[in-house]
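One structure is given below, encoded as structure tokens.
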Amino acid sequence: MARPYYVTTPIYYVNDRPHIGHAYSTVAADVVSRYERLRGKPTYFLTGLDEHGLKIERRAKEEELAPQDFVDRMAAPFRLAWEELECAHDGFIRTTSAQHRENVQALWKLMDARGDIYLDDYEDWYCVGCESFKTEKELLEGNLCPIHQKPVERIKERSYFFRLSNYTKPLLDFYEAHPDFVQPEARFNEVRSFVKEGLRDLSISRTSFRWGVPVPEDPEHVVYVWLDALMNYVSALGGPAEEGEAPLYDEFWQSSEAIKHIVGKDILRFHAIYWPAFLMSAGIRLPTQIWAHGWLTVNGEKMSKSLGNFLPPGPLVEAFGADVLRYYFMREVGFGQDGDFSHRNLLNRYNGELANGLGNLMNRIVASIVKKNLEGRVPEVDFDALSDADRQLIDKANVAAQEAAKHFEALAFHRALDSTWELVSAANKYVDSTEPWKLAKQDDKTRLAEVCYTVLETLRWLSIMLFPVMPKKCNELRAQLGMPPLLPTEQVDLWPSAWGGLRPGTQTQTATPLFPRFDESQERSILERLGVEDTPTQKKAAAMKETKQSENDFIEFDDFLKVDLRVAVVKEAERVEKSKKLLKLIVDAGEGRPRQILAGISEHYAPEDLVGRRVVIVANLKPRKLMGLESQGMLLAASDDTGLSVLGVDKDVEPGSPAK
RNA sequence: GGGCCCAUAGCUCAAUUGGUUAGAGCCCCCGGCUCAUAACCGGGUUGUUCCUGGUUCGAGUCCAGGUGGGCCUACCA
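Under our numbering, the final residue of the first sequence carries the number 657; numbering is consecutive throughout.
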């Protein structure tokens, strides 16, 4: 009995339009679900949208729309993108749906009933422009909001907190008991070491905006977006619910064999730490695996708003077709590693693997040999009379199918395709060595039939093995073989294992080549249409590496000038409470007002040794909070094995004098 | 500062977990074939497995140290 399988993508924030980063996650999840479905497992594939939060509320206002109207509008391109990419989700959750909102509240109540939620004050930097809190790290120098370039304020807000600190131990125990919980393994190490440091309670509500799920019993607050967002995986199935109340939840959450969340590496922490803790608190079963995949760069460059190279999938689908793009995503980079989306590499793989490899194999047999010599029909053969060469190919097919299956199960898509191409390549070799065109000339009908059948049946196997990645093309391939489209059925394992599924007498169909080769001028026009410069990525990468190295060796004079070094006089100095190394210094840097600088030198200097001394500081370093105190610059000191020596000047120059 | 991961052919990656002469694909060169989409097949070139030591009958693999890169984290010289 094949047990249910549940796979999810992250829910995408509707503030963005869909780009290939979204597409990559979604295609991966679709491939997983299609594979599992082929194996006969009841499978549920969920994707969706994260539609709450301050940014949305603000954007809607800008566009003079009600938030709901705004998200409705933004949701459409996502639905369209998944349709274009053949991503056949079973569920499409939107966090603004009534069901989701109710279920988030239900989860809240469960966590509250456990005693894990309390009300307290929350204090942090706040940007009025954004109407949101900023962490220290997000801020630009001078405590400016990274979005608005305006100063942030220190603000206190009442907020509900989740007792995440209570879950440090339970999480570590859980990780111990589930060594495959996070993939790839290196990421799991990161998660573990983060948790080992100890977890702090988490603020899980906001009062600064309205566009969210109201906290039960206290509608002044809305539920923290991450709690809201993570909950989608359960709420989409109708949970949390008692047995019998929500059939999808019973099947795909409670009694699922696998619950796999595919996520980008940037949101791993939320999924591998917060989400399991929330679920533990609510007494709900945990997912079986969190799969953190890598990031795609675009032609060697990071995708970013400022570079303007966000790549929407639409034009790519139009140029290459959904299946080709899916193939490229899955083939080019190891899942879990960072990779590069390169138009050049896509074209190379298309021509080299899809056109020359698979497409040509299909064409030479079906559209040529079988058509010309066997009236386009699948021939009858005596399987007991097959030759060694035939058996060897059949063996290869078995090995490839088993290997590919193993790799699909491990979400190692590139390897699954690698194994599959071993078979494509073996089949091409087989055709070459058996020389069916000669058999036709010699009128050796029996042998010709055997050879053709062997290749046709191999193609039938391939039409299944590649189905998760290229569903449409595989059905086209099957149509050419005279086979019906593949129809996955629960509890029926369709993965190829038995030789001879192709019925003799079946009429094959000749159509256009599956993957027509692009010649150079076609390649050029495609790239031109997509607005892409055809730079060989290898060369580019090498060039980038070179610049990077030379930059490592030297900095430009201008770079040096950016550092504002100044002489300052130490006015006051005291130890920072509870700190091993920090001294708090108040210095005069000739600015008319004092500056506070924290320096990690208290193991080497007593506060009184420093007062009155002239020191050298970096005056334009981004301010930073240390031990709750702001440091507005950096004190220069030299260090060696024996200790540390603060830099000074040997004449009493004016405070504020530049040190250049 | 602490931690984790990585380094193999020009490029992308393998190497059955310590076992013969380190392999594929792409690229390049030569040849073959002529069913096929200028495709396909065969052959060839390319290696200090980052460095230095160690353990072992045997190390790409294990250990120590170093170099370089990536990531996570932190109380800044």
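The C-beta atom is built at its ideal place from N, Cα and C for all residues, glycine as well.
Backbone CA spacing between residue i and residue j [nearest angstrom]
i	j	result
G331	I583	52 Å
L408	I270	22 Å
K368	T505	8 Å
E651	N617	18 Å
D606	K657	26 Å
F275	V212	15 Å
E217	H49	16 Å
S628	L595	5 Å
L107	G280	8 Å
D385	Q334	41 Å
R76	P591	57 Å
P237	A364	55 Å
F249	L227	16 Å
P273	P482	40 Å
M(-2)	T93	36 Å
W223	H268	10 Å
N296	V188	30 Å
Y246	F380	47 Å
L104	L234	13 Å
A586	R184	45 Å
G37	R31	10 Å
R412	T507	31 Å
E87	I366	Residue identity differs from the one stated: residue 87 is Asp in this sequence, not Glu. Taking the straight line joining both Cα atoms gives about 42 Å.
T40	S494	21 Å
V29	F405	7 Å
I362	F410	28 Å
CB-CB length for residue i against residue j, believed under 8 Å
i	j	result
A20	L82	6 Å
Y450	V378	5 Å
A570	V615	The Cβ separation is near 18 Å, so there is no contact.
P316	I523	Checking the sequence, you will find Ala at residue 316 rather than Pro. A316 to I523, Cβ: 5 Å. Contact.
G479	T503	4 Å
S232	Q96	6 Å
A72	A63	About 14 Å; that fails the 8 Å criterion.
Own chain partners of residue i with C-beta closer than 8 Å, once the 5 adjacent residues on each side are dropped
i	result
G18	G261, W292, L293 and M300
R572	L579, L580, K581, S599 and P604
Q546	For Q546, the predicted model reports a pLDDT of 35, less than 50, meaning its position is unreliable; a value from the coordinates is still stated below. Same-chain partners within the cutoff: there are none.
D649	R611
D561	V615, A616, N617 and P655
With 16 other Cβ atoms within 10 Å as the buried cut-off, status of residue i
i	result
S642	exposed
R444	buried
R500	exposed
Q477	buried
E447	buried
F551	Note that F551 has pLDDT 42, beneath the 50 cutoff, so the model's placement of it is unreliable and no number is given.
R203	buried
T486	exposed
Q488	exposed
D392	exposed
N186	exposed
I166	Per the sequence shown, the amino acid found at residue 166 is Lys instead of Ile. K166 comes out exposed.
R388	exposed
R34	buried
Q65	exposed
R61	Residue identity check: residue 61 is Glu in the sequence provided, not Arg. With fewer than 16 other Cβ atoms within 10 Å, it is exposed.
E588	exposed
Sequence-distant residues of the same chain with beta carbon closer than 6 Å to residue i, five excluded per side
i	result
E553	Since pLDDT at E553 reaches only 49, below the 50 mark, its modelled position is unreliable, and no value is offered.
T5	L43, Y230 and H258
A78	P15 and P310
N425	L358
R55	none
Beta-carbon proximity list for residue i, same chain, < 7 Å, skipping 5 on both sides
i	result
D177	Q286
Y10	D47
V321	Y347 and L351
Q102	V210 and P213
P7	S22, V260, G261 and I264
F307	H16 and M300
S200	Y119, S156, F158 and Y221
contact_flag[the stretch 444 to 455, the stretch 416 to 433] where n(CB pairs < 8 Å) is 3 or more: Yes, the stretch 444 to 455 is in contact with the stretch 416 to 433.
The stretch 341 to 360 touching the stretch 322 to 329, judged by at least three CB pairs closer than 8 Å: Yes: at least three Cβ pairs fall under 8 Å.
At least 3 beta-carbon pairs within less than 8 Å: the stretch 102 to 114 vs the stretch 154 to 162: yes
Segment contact flag, the stretch 349 to 363 with the stretch 508 to 521, C-beta cutoff 8 Å, min 3 pairs: yes
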